[in-house]
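Sequence lines, in order, name chains A and B. Residue 320 is where the first sequence starts when you use the numbering used here, and the numbers rise one by one after that. Residue 320 is where the second sequence starts when you use the numbering used here, and the numbers rise one by one after that. Input: a single structure, listed below in structure tokens.
Number of protein chains: 2
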Amino acid sequence: MAQKPSIPKGTRDFNPEQVAKRNYIFSTIKSQFERFGFQPIETPSFENSDTLMGKYGEEGDRLIFKILNSGDYLSKVDDALYREKNSNATTPKISEKALRYDLTVPFARYVVQHQNEIEFPFKRYQIQPVWRADRPQKGRFREFYQCDADVVGSDSLLQEVEFIQLYDHVFSALKLEGVTIKINNRKILSGIAEVIGASDKLIDFTVALDKLDKIGEEKVKEEMLAKGISQEGIEKLQPLFSISGSFESQIDSLKGILSTSEEGAKGIEELSTINKTISALGLKTATLQLDVTLARGLNYYTGAIFEVAAPKGVKMGSIGGGGRYDDLTGIFGLKNVSGVGISFGLDRIYLVLEELNLFPDTITKSTEVLFINFGDNEALACLKAVQSLREHAVNAELYPDAAKMKKQMNYANRRAIPFVVLVGEEELKNNSFTLKNMATGEQTTLNLELLVAKLS
Amino acid sequence: MAQKPSIPKGTRDFNPEQVAKRNYIFSTIKSQFERFGFQPIETPSFENSDTLMGKYGEEGDRLIFKILNSGDYLSKVDDALYREKNSNATTPKISEKALRYDLTVPFARYVVQHQNEIEFPFKRYQIQPVWRADRPQKGRFREFYQCDADVVGSDSLLQEVEFIQLYDHVFSALKLEGVTIKINNRKILSGIAEVIGASDKLIDFTVALDKLDKIGEEKVKEEMLAKGISQEGIEKLQPLFSISGSFESQIDSLKGILSTSEEGAKGIEELSTINKTISALGLKTATLQLDVTLARGLNYYTGAIFEVAAPKGVKMGSIGGGGRYDDLTGIFGLKNVSGVGISFGLDRIYLVLEELNLFPDTITKSTEVLFINFGDNEALACLKAVQSLREHAVNAELYPDAAKMKKQMNYANRRAIPFVVLVGEEELKNNSFTLKNMATGEQTTLNLELLVAKLS
């Protein structure tokens with residue numbers, strides 16, 4: 320019996336319309352990346368396991384897809400270990416390769432491995448799939464694309480400025496206007512933790528603070544208390560709970576809170592410089608907003624932290640994020656290379672563009688004109704015309720079989736092909752072509768030259 | 320100690336220049352695919368193992384990369400089996416997914432799974448990586464792209480005609496002129512085997528015949544004898560060994576040899592129709608050649624067989640191939656769907672374009688102009704100009720740090736950026752920009768408007 324075909328959970332087939340829409344997003348992002356001087360690289364889908372393992376925490380290690388060694392892989396497992404029947408202990412013996420979990424670690428590996436061929440600062444972008452053995456759920460997949468731009472080898476704050484501009488340019492080019500680019504700085508968070516005497520509880524503190532929008536001030540305070548932050552410390556935080564207003568006025572509030580922290584002051588200065596430069600340059604359609612509760616990937620970022628929110632009214636998590644990390648390549652032995660980068664959330668951007676009906680109609684149109692097939696002689700005349708049209712960059716095709724007219728017209732309709740050409744006996748005799756507009760039903764009979772002119 | 324980074328054997332990193340060159344080939348092929356009415360699909364990188372296993376023969380099964388199940392996968396292996404320590408028997412218990420081995424089987428699975436959403440004849444193209452646990456060697460990789468176009472649901476010979484035209488258009492668009500598109504037909508080979516009384520030895524016969532170029536007539540005959548083909552049969556083959564000349568004259572010779580085979584006659588008719596249609600339409604830069612020794616993928620193809628050879632003088636295996644297969648989707652339960660398709664060998668095409676110096680210079684140029692950074696104030700003025708240039712679709716960047724002039728100029732040189740802009744004190748005062756042509760050394764001082772006009 321034949322198998323009933325299916326695909327693994329958490330993976331997707333993409334039909335022509337979906338591929339076209341995804342490629343529209345990719346190509347818009349790519350062209351802005353290149354406008355800003357970023358260059359593409361690609362890395363292998365799988366890496367040596369030791370390149371990936373231990374880089375994403377315990378949870379990450381668990382979610383990495385491992386590739387089984389080829390051949391008689393069990394013969395490499397020694398008998399004592401084999402008798403334990405312990406999956407975790409056995410994995411490294413039977414699997415030496417693993418699928419890419421993100422683009423950042425392979426990028427770090429690339430930079431170190433190719434450091435002598437690279438011009439620093441190295442502005443690279445990379446758009447490739449990654450794989451995670453996560454529990455699949457709505458909007459979360461086991462195979463999905465990441466879309467990253469990073470600069471390594473420069474600690475200039477102009478990079479942060481450029482990334483804000485880049486977000487603005489990309490979303491403007493996608494006609495997705497009104498996104499909010501939120502920014503924070505790890506040094507601000509460290510400074511606050513220092514001021515309230517909770518430097519050792521930075522993560523607990525930021526995790527709680529991050530929930531302010533969702534659970535409210537009182538619950539956040541309760542959580543902080545429960546995590547061992549003192550009542551006195553929490554009181555010092557009070558101005559933070561009501562911080563609002565313009566970027567500048569928030570900066571002023573922060574100056575008050577952080578007056579005794581050197582690190583906090585540095586963070587304020589960085590944010591302030593970035594904001595001033597962006598103000599001087601202007602943004603096209605996005606808004607830059609200081610968000611002191613923003614703490615994504617805190618273990619990782621050392622300076623700026625970015626996150627992009629969809630326009631108001633669209634229910635959707637962040638559609639982009641990033642930040643500065645000071646020692647990306649250290650894990651592979653290249654110290655003191657500062658990096659900063661951002662990424663775009665393709666799947667979410669896709670859903671937002673769909674919801675707001677922002678995909679241009681043109682991108683899903685493939686074939687412009689279908690020639691109806693009435694038999695061998697007519698088909699040959701059609702093929703000659705098809706050839707001329709293709710020379711003039713018109714996407715054209717001939718229906719391959721002399722099937723019933725209705726069947727051929729249905730094919731044109733269902734594929735949303737805007738024009739059909741009919742070449743019957745009469746047209747064949749007169750070297751002419753009857754062009755039908757599928758939307759209006761209008762028909763005109765033309766010679767080849769006019770047909771080409773009309774369609775190209 | 321830090322790890323010395325490396326990548327798995329048989330895989331590759333691609334640097335910006337290589338990505339640009341690969342994308343040039345992909346985008347040229349894609350645009351021709353679409354010109355011919357093909358639509359893109361994408362399928363997941365991994366499939367359920369039972370979708371792939373058993374579809375590529377025993378050797379294929381061995382070369383498929385299997386993905387280890389997550390979690391405590393060994394607990395699912397029953398103790399009796401586990402005690403055997405038998406890799407082959409254990410694999411299906413600890414691995415349920417496998418990396419795509421080619422694009423054809425996933426395409427067949429896609430067609431069957433989505434048959435109710437698809438308009439037939441379905442003209443699809445697919446450009447995605449595949450993975451094979453082959454022994455890596457020069458030009459053979461464990462991860463490489465395939466680039467396929469297929470039509471399913473039509474047995475019209477016009478499809479074969481279109482694929483020949485498609486090859487011609489793609490290679491012409493790549494400026495790779497003079498390729499030879501070789502064609503044969505499975506029915507011709509079956510007919511010959513029938514005529515010489517070796518129908519049951521079709522594979523042995525074609526394998527031997529295929530070596531004619533390499534080992535010569537006598538050795539081929541010896542091999543055929545050794546495989547049990549009769550002396551009498553081999554004598555009947557005699558005209559085949561000296562078959563040559565035009566497509567038409569070869570067809571005439573074949574008519575003589577195959578006069579008693581109905582299947583052979585059908586093959587001759589098909590080839591003849593295809594050749595006549597192609598002659599009527601003409602090819603741009605390729606040549607169509609009948610090659611009765613062509614037998615690639617014989618187990619698979621049922622009608623036309625294609626192979627493309629690089630222009631004379633270039634040492635390279637085939638750069639493309641394909642053919643007609645009559646029951647692609649039968650393995651997944653959808654019978655009687657005829658298909659025909661071709662593929663392009665990206666890595667070999669890349670090497671040929673490199674050897675013949677056919678990559679356009681423009682494709683590897685990324686940034687058009689670099690602004691030299693002389694400090695904060697100058698940088699801000701530069702960023703404003705950079706912004707204007709980007710608005711005018713010029714790829715522009717500012718060096719992020721006020722590093723030594725020499726370092727910044729080196730960066731421009733090594734990245735082959737054709738222009739730099741210098742904004743020092745003088746320029747800042749006058750709102751002007753000094754543009755330097757890196758090739759000629761020529762310098763001009765311009766206002767913003769002229770700078771934009773000059774570079775866009």
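Glycine included, each C-beta is placed from N, C-alpha and C at the ideal position.
Per DSSP, which one or two residues make a beta bridge with residue i?
i: P277(B); result: Since the first residue shown for chain B is 320 and the last is 775, residue 277(B) is missing from the structure and cannot be characterised.
i: A417(A); result: E366(A) and K385(A)
i: A715(B); result: V688(B)
i: I562(A); result: I562(A) pairs with nothing; no bridge assigned.
i: Y644(B); result: G658(B)
i: E626(B); result: K501(B) and G640(B)
i: V470(B); result: K442(B) and V659(B)
i: T606(A); result: T499(A)
i: Q432(B); result: Note: Q432(B) sits in no beta bridge, so no partner.
i: R459(B); result: Q456(B)
i: Q358(A); result: R443(A)
i: F333(B); result: E361(A)
In whole angstroms, what separates the C-alpha of residue i from that of residue j?
i: P411(A); j: D467(A); result: 30 Å
i: G286(B); j: G552(B); result: No answer is possible for residue 286(B): it lies beyond the span of chain B, which begins at 320 and ends at 775.
i: L609(A); j: A492(B); result: 50 Å
i: M320(A); j: G652(B); result: Low confidence applies here, because M320(A) scores a pLDDT of 43, under 50, leaving its location unreliable; read the following figure in that light. Whole-angstrom Cα-Cα distance: 8 Å.
i: E436(A); j: V430(A); result: 9 Å
i: D474(B); j: K349(A); result: 40 Å
i: P335(B); j: S518(B); result: 53 Å
i: I587(A); j: G510(A); result: 10 Å
i: H711(B); j: V771(B); result: 7 Å
i: N405(A); j: F365(B); result: 26 Å
i: L767(A); j: R709(A); result: 13 Å
i: I638(A); j: L675(A); result: 14 Å
i: V471(A); j: V740(B); result: 23 Å
i: V627(B); j: T347(B); result: 17 Å
i: V449(A); j: R354(B); result: 31 Å
i: L544(A); j: N655(A); result: 37 Å
i: T764(A); j: S775(A); result: 17 Å
i: F752(A); j: L769(A); result: 9 Å
Could you name the residues of the same chain whose beta carbon sits closer than 7 Å to that of residue i, not counting the 5 residues immediately before and after it, in chain order?
i: L607(B); result: I483, I500, I502, F566, N594 and I597
i: Y375(B); result: Y420
i: I650(A); result: K374 and A427
i: F678(B); result: K340, Y343 and L672
i: I562(B); result: Q569, S572 and V611
i: K631(A); result: G497
i: S591(B); result: I570
i: D720(A); result: N692
i: F357(A); result: K442, R443, Y444 and A468
i: S549(A); result: G516
Chain A partners of residue i, CB-CB under 8 Å?
i: G583(B); result: What G583(B) touches in chain A: nothing, since even the nearest Cβ is about 23 Å away.
i: I386(B); result: F384, K385, I386, L387 and L418
i: Q478(B); result: P719
Could you tell me which chain B residues have their CB closer than 9 Å to the CB of residue i, listed as they occur along the chain?
i: N655(A); result: Neighbours of N655(A) on chain B: none; closest Cβ ~13 Å, over 9 Å.
i: H433(A); result: D332 and N334
i: D529(A); result: By Cβ distance, chain B contributes nothing, its closest Cβ being about 29 Å from D529(A), past 9 Å.
Check the Cβ of residue i against every Cβ in chain A and list those closer than 7 Å, keeping chain order.
i: S475(B); result: P719 and D720
i: P455(B); result: Result: empty, since nearest Cβ-Cβ is about 12 Å, beyond 7 Å.
i: N714(B); result: E353, R354 and G356
Which same chain residues end up closer than 8 Å to residue i when comparing Cβ atoms and leaving out the 5 residues on each side of it in sequence?
i: A758(B); result: P737
i: Y619(A); result: G642 and Y644
i: L393(B); result: Y401 and I413
Name the chain B residues whose beta carbon is nearer than 8 Å to that of residue i?
i: E541(A); result: Near E541(A) there are no residues of chain B at all, since even the closest Cβ is about 36 Å away, more than 8 Å.
i: I360(A); result: D332, F333, N334, P335 and V338
Just to make sure I have the definition right: I need the residues of chain A whose C-beta is within less than 9 Å of the C-beta of residue i. Which are they?
i: I483(B); result: In chain order: nothing, as chain A lies at least about 12 Å away.
Using a C-beta to C-beta distance shorter than 7 Å, which residues of chain B count as neighbours of residue i?
i: A452(A); result: S389
Please go through the same chain and pick out, in chain order, the residues whose beta-carbon is closer than 6 Å to the beta-carbon of residue i, but skip the five residues on each side of it.
i: S389(A); result: none
Original post:
If you scan the stretch 473-532 of chain A from start to end, which runs of the beta strand (DSSP E) of 3 or more residues do you find wholly inside it?
Top reply: For the stretch 473-532 of chain A, whole beta strand (DSSP E) runs of length 3 or above, ordered along the chain, are 499-504.
Original post:
What alpha helix (DSSP H) runs, 4 residues minimum, are completely inside the stretch 726-768 of chain A?
Top reply: 744-749
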